[in-house]
Amino acid sequence: MNAKRVLVAYGSKHGATAGIADEIGKTLRADGIDVVVLGGALYAGRWNGKARRCARLNADQLRRRPVWFFSSGPVDSSAEQHDIPPTPGVARRMKKIGAREHVTFGGAVTAETPGRIARSMVHHGKGGDFRDPARIQAWAHHIGSELGTAR
């Protein structure tokens, strides 16, 4: 049996979002699922501009496919402790596209994260990697099970 194509789009090539997207993509590919997952990092309560632009430019195509949104968010453990709702801009985009749900995972700012702000956070001991691979995989399997029942 051939695995169907999985597209996981995300807004930034560095940091937590890229790692989360990779983990979701690997899990879904292993399950043989064809799905679009659109994610973006949260910066000061706003979704990454590249993710917003991708969702806006591809809205017609995305409306015809099952879509889930995710965000990499706080650089602390709060995303693991309780659900963090999507920002108002993400919620509006979800409604326009008909996305099924949104989840925010913990963020990551480490010494490898580029940028002056990231370097400053790490220097002041406020960085870290708060992504939970087991939670990411569980969400990807949740998506897969939803698609499996819809077939």
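Just so you know, the numbering used here puts 86 at position 96 of the sequence shown, and the rest follows in order with no gaps.
Each residue gets a CB set at the ideal place from its N, CA and C atoms; glycine is no exception.
Item, Value
"Span separating the alpha-carbon of R109 from that of A98", "12 Å"
"Cβ neighbour criterion (16 or more within 10 Å) applied to H72", "exposed"
"Which of helix, strand or coil DSSP assigns to S61", "strand"
"Cβ neighbours of D21 in the same chain (closer than 6 Å, five flanking residues each side left out)", "G134"
"Bounding residues of the alpha helix (DSSP H) (the contiguous stretch that carries V80)", "P78 to I87"
"Assigned exposure category for D10 - 16 Cβ within 10 Å defines buried", "A quick correction: the sequence has Ile, not Asp, at residue 10. Flag for I10 reads buried."
"Boundaries of the alpha helix (DSSP H) in which H113 is found, first to last residue", "R106 to H113"
"Cβ shell of K86 (< 7 Å), same chain only, five flanking positions each side left out", "A49"
"Residue environment, H132, which counts as buried when at least 16 other CB atoms sit within 10 Å", "exposed"
"Status (buried if at least 16 other CB within 10 Å, exposed otherwise) for A130", "buried"
"Identified DSSP bridge partners for L18", "DSSP output for L18 lists no bridge partner at all."
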